[in-house]
Each structure stands twice: as structure tokens, then as C-alpha cells.
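What follows is one structure encoded as C-alpha cells, with my remarks underneath.
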Amino acid sequence: MKLRTFALAVLLALSILSAVPAAANTAPPSPPHYFYGTLKIDNVDAPIGTTVEARVAGVLNGDFNPIVTTEVGKYSDPEPPFTFGLLVQGEIAEGATIEFWVNGTKANETAAWHSGQLTNLNLTAGSASTPLTVPPAVLTSGATGVTLNSATLFGTLTSLGTASSVMVYFEYGVTTGYGSVTPVQIMAEAISFNASLSGLLPNTTYHYRTIAVAGSTIVYGVDRTFRTTAIPVNLTVSTGAATNIAAATAILNGNLVELTGATTGIVSFQWGTTQAYGNETMGQILGAPGPFIAFLNGLLPNTLYHYRAKAMAGTTIVFGSDQTFRTGTTILSSSGGATSFTSTSGGNVSTFGVTADKELKLDASGKSQNESKLTDSEKKLTVSISSGTSLKMTTGEALQFIYVTTPASIPPVPAQSIAISSKDMGPDGATFSPPISLAFSYDVSTLPPGVSEDGLYLAFWDGSQWVKLASTVDKEAKTVTANVSHFTLFALMATVIAPPSVTIISPAGGANLPAGDIQVAVQVSSFVLVPPGGLNAAGQGHIHYYLDVAIPTTPGQPAVTALGTYQATVQPVATWANVPAGAHTLGVQLVNNDHTPLTPPVTDQITVNVTGTALITILPPPPSSVTSPPDSTAPESTVSPPSSETTTEPVPTPTSIPEATNWALILIIIVVAGILLLAILVFVP
Numbered sequence: 001m002k003l004r005t006f007a008l009a010v011l012l013a014l015s016i017l018s019a020v021p022a023a024a025n026t027a028p029p030s031p032p033h034y035f036y037g038t039l040k041i042d043n044v045d046a047p048i049g050t051t052v053e054a055r056v057a058g059v060l061n062g063d064f065n066p067i068v069t070t071e072v073g074k075y076s077d078p079e080p081p082f083t084f085g086l087l088v089q090g091e092i093a094e095g096a097t098i099e100f101w102v103n104g105t106k107a108n109e110t111a112a113w114h115s116g117q118l119t120n121l122n123l124t125a126g127s128a129s130t131p132l133t134v135p136p137a138v139l140t141s142g143a144t145g146v147t148l149n150s151a152t153l154f155g156t157l158t159s160l161g162t163a164s165s166v167m168v169y170f171e172y173g174v175t176t177g178y179g180s181v182t183p184v185q186i187m188a189e190a191i192s193f194n195a196s197l198s199g200l201l202p203n204t205t206y207h208y209r210t211i212a213v214a215g216s217t218i219v220y221g222v223d224r225t226f227r228t229t230a231i232p233v234n235l236t237v238s239t240g241a242a243t244n245i246a247a248a249t250a251i252l253n254g255n256l257v258e259l260t261g262a263t264t265g266i267v268s269f270q271w272g273t274t275q276a277y278g279n280e281t282m283g284q285i286l287g288a289p290g291p292f293i294a295f296l297n298g299l300l301p302n303t304l305y306h307y308r309a310k311a312m313a314g315t316t317i318v319f320g321s322d323q324t325f326r327t328g329t330t331i332l333s334s335s336g337g338a339t340s341f342t343s344t345s346g347g348n349v350s351t352f353g354v355t356a357d358k359e360l361k362l363d364a365s366g367k368s369q370n371e372s373k374l375t376d377s378e379k380k381l382t383v384s385i386s387s388g389t390s391l392k393m394t395t396g397e398a399l400q401f402i403y404v405t406t407p408a409s410i411p412p413v414p415a416q417s418i419a420i421s422s423k424d425m426g427p428d429g430a431t432f433s434p435p436i437s438l439a440f441s442y443d444v445s446t447l448p449p450g451v452s453e454d455g456l457y458l459a460f461w462d463g464s465q466w467v468k469l470a471s472t473v474d475k476e477a478k479t480v481t482a483n484v485s486h487f488t489l490f491a492l493m494a495t496v497i498a499p500p501s502v503t504i505i506s507p508a509g510g511a512n513l514p515a516g517d518i519q520v521a522v523q524v525s526s527f528v529l530v531p532p533g534g535l536n537a538a539g540q541g542h543i544h545y546y547l548d549v550a551i552p553t554t555p556g557q558p559a560v561t562a563l564g565t566y567q568a569t570v571q572p573v574a575t576w577a578n579v580p581a582g583a584h585t586l587g588v589q590l591v592n593n594d595h596t597p598l599t600p601p602v603t604d605q606i607t608v609n610v611t612g613t614a615l616i617t618i619l620p621p622p623p624s625s626v627t628s629p630p631d632s633t634a635p636e637s638t639v640s641p642p643s644s645e646t647t648t649e650p651v652p653t654p655t656s657i658p659e660a661t662n663w664a665l666i667l668i669i670i671v672v673a674g675i676l677l678l679a680i681l682v683f684v685p
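Just so it is clear: in the sequence shown, position 474 is 474 by the working numbering, and no numbers are missing.
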């Protein structure tokens, strides 16, 4: 009796133990139910491209659901490797009803779900699920009524195909990426249609094309373009009298009287010994009506010259009246306006385009009698002249005037440099001894990307190339200063440092990849990769790789995400292990040594499509939040993807799982022990 009581107690304990595995471990997902068979629509073999779905209570389940057929009359094949099989897998109750849908129409057959089962089920559906055999056709026609900000687009639906009605519309934009669409119109017959556009940009080229939609079929017309009209430009320019006329030099004066419909105008002078002119001065940019000048040198003495002012804005060009002047013989003459003097008289230096804080006075030899500081009208240039400076014309005579203009364009700048601003200073070739000081001002907020204050410098054009000047950058005053000994074309330039960049070079965006490990390779430019953990330094840091998460770019915050969704490394290659089937986003970001994003953030991101089934990986539960950056001293390793729940190899050979196998052995032992105890209960009195 005692032995029977003991056996009952042990049997009860074994029963309790047999329930432990379910509570101690989360079982892996059940193996899928695999379906294969023929597919007919209205008793006709379904064409390639037919979509088949399996739904349980209206929900799609499994990575291979839905599928698109790749053979006529068949939706799946019963033999491995199940290249286009319909697998239904998920948290599904045993025996649950599966409904099948063909091209959006419910099939006539259903099935009961059973884990790990292989079922031959031939599907049939009605004609409503038949894809369009003849697509519609659409034509993109011209645009009419094009104005500053509106236009009307025309197209023609030339055929409905086999559809009873077709939706048509236009997409349009400033590139072939389009970006905007017109309202949809439903057409029941092949006919022309149109759409009106408004809110367009003036003087802009737009791309557009027609689109026709019938069911799931979309067809496109060809791309065409139109250009909106420009804002009417009103320009008026007048030609003034020439001044400071000498045997070989003169100053031409003009006035931009009206400038509407454009933000800037380019002004210049045409000149020559006849009204055919044949020469033109360098263009100057004006942002508002006002006077402008040009200095001529190298003229012939005692010669009559014609000239006229010119203004241009966009495609609009206007001219002032023709005027003349005659050069002198051997000495300077006065033609009104600015002061003129001979080399033996001394006098005040006239200025054009600049304002002097003190009037500059020269003695008979051309030596300055006082200090003077000249500032241009844009306050971008300051010229400082010391007392006792010798200022001479190219002829050796005392300097009689100074002018400063803003050129409309300048010669190409050196490689790896960029021009910030420029000034044409004259008279060209005028000399100074000792050198005078030029100071260009700058605004840090408007410096182009890749330009730092340390890279700023001044340069002058010597007629064939830019010559860099020894320059001093004052970061507090925001000026760049250099000493110059002559007048010519000057520019404030900067050495361009290419900004950091990172690009995913493998895999390609949109690539179809087999399930399993995915290796991501990147190309890094203008950035030094160093191990994380040190002090932040400009132009250096490391790389963060991301999988299926938004790239964090909050300034000053560590650019880390949940465990298993990112890697921190100095290597241009990283591997994601056991990536399951489906669409996946691969991201990468350059970060500082403390894991914070650069300013601005430097990232790249692509999407790839993974097909097939990955090896099984059991992941530890992720923490609820990340409170610190990764350990920079830890060895690099591959990281399992964040969303890879336990998966199973395709039927019929699922991959074994060590934990599950151990519990299976325990259950077998329990069952055997139970049988022995039952035998004791039955046969022992």
C-alpha cells in the first residue's frame, strides 16, 4: 500500500513537471502550413502574374503570403526548394479556417490550418479576378495658355483597353520626378481631357505626363515640357558725359534709371572710334537704380571716341544714347564732373563707388598729404591709405581718381577655391608705394558649405591667373586684409574643404537579397575614422550602422538605438546576421567620438528586399531603453536583426533548436517514468 501511495505522488509530480517547459520557455513559432496546386480562373489556367492570398480571419500571415504566380495555371509546386510556395504561418489556432483570394476576388475553396502540414489544394475563382488582358493607352499632348504662373495641360485617352472605365490625370513638376498631380478624371470612352495648373513659378521649365489607371494596371504617357513666362522687365539706362579725359584714359558715366521685374541688372558701356563700337567694358551688377562708371585706358591721343550705356536683365537689353569724347594730346583735360589736374599741380583725388572718411589730398608729386579710408557702397570693401603714400597713374602722373565697381562675373577661380565676393578697382594699373591696405568683410552665416574662416584669403587677377595675397583673417572684425601695390580685379576667396560624406556602396538600393547575413559596405570621404571614446574633434569620428530603424539625428544626443538595431565601428564594412525575408532598411551615419551626430547630420539609407528564410537565431530580450553608448573596447561582432523572431526552415525539414531539444528529451524521460509507475500501480498489491 505504501508503494502504491509513493507511486501516485511521483506520478503527480511528473505531471506538474511536464508543464514546466511551456512556462519556462517561449516556444518557437509553429511550422507553417504549406499549400500548393493548380490555379484556374473561369476554368482557364490563370496567367503568370496572378496574386494569391491566404487569410485567417481577414489577416495575411507569413512571409510568403501573398505570392505572385510565375507559372501558368499553377500557384505553387510541391517539391523543394518551394521557390514560389504559399506558406501560412503565425499565431494561428489549430484548425482555423483559411480563405483564399485570387486577384482580390475570393476563391471557391477554403482549408483548415494545421502546423507543419503540406496540402495539395487546387484553387478556382470567378472571372472578376481575371487581370486586364489589354491595358488602356494614353497620349500626352501640348500645354496651352502658359502664363507667369499658370498653364493648361492636354492629353488623350486613346483606348480603354478591356476596362469599362479608366481614371486619368497628369503629374507635373520642375524635374522628371514630378511631385504634383492634377485631380483624377474618370473616363468611360476614349476622348481628350485637360487640367488647369496654377501657382507655378515664373520663367521655369515644367515636366508633365499623362497617367491612366484601370484596376491595378497603370500606364504613362511620354514626358513633355513647357516653360512659364518671365516677369516683364522694365529697364531704362542713360549715358552720361565722359570725365577725367586724358591722352590715353577717360571715365565713362552712366545711370540705371529704372529696374523693375528683376532683382538685379548688369550694366556696362560699349565704346569705340565709330558707332559700331566694337568694345565693351566689364559688366557690373546693380541691385537698384543708380549711377555707374567705367574706366578706359590705352586710348589713342587726340582721337574721337563713341560710347553708350548698356543694361541687361534676363533677356531684356536696353541702351542709352550715343555720346562722344576726344582724348587729349599730352596733358590731362577737364570735361566737368570730377576734378582733373596735371602732374605738376597737386589736388584732391576724386572717388567713384566709394565714400572717403577724409578727402584724399596729393601734392604735385602724387604723394598723399593725409590719411584716408574709403568704403564701397555695399560696405564689403575698405581701402586704407596712409599719409606719405605715393599714388601714381600708369603714365607716372599723380593719381587723379579712384573707382570701385562690382563685376558681373570674374575669371575662373583656382581649383579647390571659391569666390566669396569681388571688386574691380581702378584705374587699372595705378601703383602705390608703400602698399595700401585692402580689407574685405564677410558674414559667417553666408559662407558656403565646406568653407571656414581659416581658409579665407584675398587674390588679384594679373591678366592670366589669380595670384594669392598674404592675407590676415580677423575673426572678431570679420575681415580679411592684405597689402596691395596696384589696382586691378580683386576677390575674397576661400579654400573649399569638402564636407564629410558617407555612401552605401553595397548592397545596391532596391536589391533582392537571399535571407541570411547581409554585409553593408560604405564609402567615407573627408572624414577620419578613429575609435570612439575620445574627445570630439572636427573632421573625425566613427560610423554607426542601423537596421530597420529611423536614423537618430538629434544634435548633442547619442545617435544610438535599441540593442540589436545598430553597430558602432571604425570599419567601412558591417554585417547583419540572419536577416529574415521581407523589406529591410539599411542606414549609416558618421558620428563624433562621443556618438553624437555631426552638424549637419551625415547619413545614407537604402531599402533592400530579402527573400527566402534565414537561419534560426534566439535573441535575448532587448532592454527597454539605451542609457549609454556602446563599449568601444568590445570586439566587433555581427548583430542579429531587431525584428527577427524565431523562424523555421521551409517544410519539411525545420531547423532544430537546442533549447527545444533539451525539453523534448526531458518530456520523453517523464513519459517513460510515468509508464513504469503505472505498471507499479497495476501489478504491485
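C-beta: ideal position from N, C-alpha, C; glycine also.
Classify isoleucine 669 as helix, strand or coil using the three-state DSSP reduction. Per DSSP, reduced to three states, the secondary structure at isoleucine 669 is helical.
Host beta strand (DSSP E) of isoleucine 98 (start-end): 97–102
Measure the alpha-carbon distance for asparagine 302 versus alanine 250 and round it to whole angstroms. 12 Å
Beta-carbon spacing of serine 76, leucine 87 below 7 Å: no
For threonine 479, does the count of other Cβ atoms within 10 angstroms reach 16, so buried, or fall short, so exposed? Buried, since its Cβ has 16 or more Cβ neighbours within 10 Å.
Out of curiosity, what's the CA-to-CA distance linking valine 56 and alanine 107? 14 Å
Output the distance between the C-alpha atoms of glycine 388 and asparagine 370, rounded to the nearest integer angstrom. 7 Å
Suppose contacts are defined by Cβ-Cβ distances below 7 Å. Is glycine 690 in contact with leucine 590 by that definition? The structure shown does not extend to residue 690, since the chain is modelled only from 1 to 685, so the question has no answer here.
Which residue's Cα is closest to the Cα of leucine 121: Gln89, Leu381 and Lys40? Lys40
Which one of Ala356, Gly429 and Asp594 has the shortest CA to CA distance from asparagine 536? Among Ala356, Gly429 and Asp594, the Cα nearest to that of asparagine 536 is on Asp594.
If you drop the 5 nearest sequence neighbours on each side, which residues of the same chain put their C-beta closer than 7 Å to that of valine 219? Pro135, Pro136, Ala137, Val138 and Ala212
Buried or exposed, going by whether 16 or more other CB atoms sit within 10 Å of the CB of isoleucine 573? The residue you asked about is not isoleucine; residue 573 is valine in the sequence shown. Counting of Cβ neighbours within 10 angstroms places valine 573 among the exposed residues, the total staying below 16.
Between which two residues does the beta strand (DSSP E) carrying alanine 382 extend? Before going on, a small fix: residue 382 reads as threonine here, not alanine. DSSP places threonine 382 inside the beta strand (DSSP E), whose first and last residues are 381–385.
Taking methionine 312 as the reference, which of Val267, Asn483, Gly199 and Lys373 has the closest Cα? For methionine 312, the closest alpha carbon among the candidates Val267, Asn483, Gly199 and Lys373 is that of Val267.
Spell out a yes or no on whether the stretch 223–241 and the stretch 187–206 are touching, meaning 3 or more CB-CB pairs, one atom from each, closer than 8 Å. yes
Valine 467 (DSSP reduced to helix, strand or coil): strand
Closest by CA to valine 237, which one among Pro414, Gln270 and Asp223? Here the closest residue by C-alpha is Gln270.
Just to confirm before moving on: does the CB-CB distance between glycine 254 and alanine 309 stay below 7 Å? yes
Rounded separation between proline 654 and leucine 157 - CA only: Reliability fails at proline 654, whose pLDDT of 36 lies under 50, so the model's placement of it is uncertain and the value that follows must be treated cautiously. Rounded to the nearest whole angstrom, the C-alpha separation of proline 654 and leucine 157 is 53 Å.
Is it true that the stretch 481–490 meets the stretch 512–524, where meeting means three or more beta-carbon pairs spaced less than 8 Å apart? no
Does the structure place the stretch 398–418 close enough to the stretch 281–298 that three or more beta carbon pairs sit under 8 Å? They touch, by the three-pair rule.
With aspartate 517 as the anchor, note down where its beta strand (DSSP E) starts and where it stops. 516–525
Can you find the residues in the same chain that come closer than 7 Å, C-beta to C-beta, to alanine 583, ignoring five residues on each side of it along the sequence? Thr607 and Asn609
From the DSSP output, which residues share a beta bridge with histidine 114? According to DSSP, which records beta bridges pairwise, histidine 114 is partnered with nothing at all.
Counting C-beta neighbours from all protein chains within 10 Å, is the total for isoleucine 669 16 or more, i.e. buried, or is it exposed? exposed
Taking the alpha carbon of leucine 391 as the reference point, which residue from Lys423, Ile420, Asp428 and His306 has its own alpha carbon closest? Asp428
Cβ neighbours of proline 555 in the same chain (closer than 8 Å, five flanking residues each side left out): Thr596, Pro597 and Thr599
Helix, strand or coil at aspartate 454 [DSSP, three-state]: helix
Lysine 475 classed as buried or exposed, judged by whether at least 16 other C-beta atoms fall within 10 angstroms: exposed
Can you tell me which of the three DSSP states valine 549 falls into? coil
In the DSSP assignment, the beta strand (DSSP E) including leucine 535 goes from what residue to what residue? No beta strand (DSSP E) holds leucine 535; DSSP gives it neither H nor E.
Valine 68 and aspartate 45: beta carbons closer than 7 Å? no
For isoleucine 186, count neighbouring Cβ atoms within 10 angstroms of its own Cβ and tell me buried if that reaches 16, exposed if not. exposed
Taking asparagine 244 as the reference, give the member of Gln557, Asn234 and Gly328 with the closest Cα. Gly328
Cα separation between leucine 362 and threonine 324? Each residue's CA atom was taken as its position, placing leucine 362 and threonine 324 some 30 Å apart.
Spatial neighbours of serine 196 within its chain, please: C-beta separation below 6 Å, excluding the five flanking residues on both sides. Around serine 196: Thr152.
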